[in-house]
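To keep things clear, I will list the structure first and then write my remarks on it.
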Amino acid sequence: MGCEVGYLAGVVMFEALLLKLYLIFDAGITREEKEKKLQASAAQIMTGFQNFYFLDTLFRMMLEPALPVISLLGSENEVLLKEVLYNSVMMMDYSFINRQAGVSLYANSLKDFAINWLFVAELAIQSARENGDQGKATSYVNAFC
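So this note's numbering is basically just the index in the sequence shown, starting at one, shifted up by 28.
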């Protein structure tokens, strides 16, 4: 069983995202400033990459109980990172998936992607509700629909 180059590139892009966001945690700034910087960086990177395999890898990692960087960040910072990733994932434009130049996306890949997206959206909405942010939960529902 071989590994497609596109999939491998998606994993590398995901690792680059985590590295960029991890470096922000080391900056010694307040939580509010950190959240703003994390949000801006995550949105910039996700918008810039616009790659199906990157998003597929991101969704799969977000469905795991803990992100791969928890040993570096600690649980409190992981919660902040997950909130930022949920917000970025829910608010981004996915129209590029239909026009991936040179990428043949099979029906099963798209089906799995859509199911993972649905699960991540549900987790994001649940997280917003648990944090008492009904406005964010509503905006997530509206963004997903």
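Just so you know, even glycine gets a beta-carbon here, dropped at the ideal spot from N, CA and C.
- Message: Just to confirm before moving on: does the CB-CB distance between K110 and L91 stay below 8 Å?
- Response: Here the question's residue 110 lines up with position 82 in the sequence shown. Here the question's residue 91 lines up with position 63 in the sequence shown. No, they are not a contact pair.
- Task: Counting only the same chain and skipping the five closest in sequence on each side, list residues whose C-beta sits under 8 Å from that of Q78.
- Result: Reading the sequence shown from its first residue, position 50 is the one you call residue 78. These residues qualify, in order along the chain: F124.
- Item | Residue from A68, W145, F141 with nearest C-alpha to V112 | In the sequence shown, counting from the first residue as 1, residue 112 sits at position 84. Comparing Cα positions, the closest option is A68.
- Under 8 Å, do L101 and Y168 count as touching if we go by C-beta distance? Along the sequence shown, one-based indexing puts residue 101 at 73. Along the sequence shown, one-based indexing puts residue 168 at 140. Taking 8 Å as the Cβ cut-off, L101 and Y168 do not qualify as a contacting pair.
- Item | Pairwise C-alpha distance: F147 and V33 | As a first step, residue 33 is located in the sequence shown; it is residue number 5 there, counting from the start. As a first step, residue 147 is located in the sequence shown; it is residue number 119 there, counting from the start. One C-alpha to the other measures close to 26 Å.
- Contact under 8 Å by Cβ, F82 with F42: Locating residue 82 in the sequence shown gives position 54, where the first residue counts as 1. Locating residue 42 in the sequence shown gives position 14, where the first residue counts as 1. A contact, by the Cβ cut-off of 8 Å.
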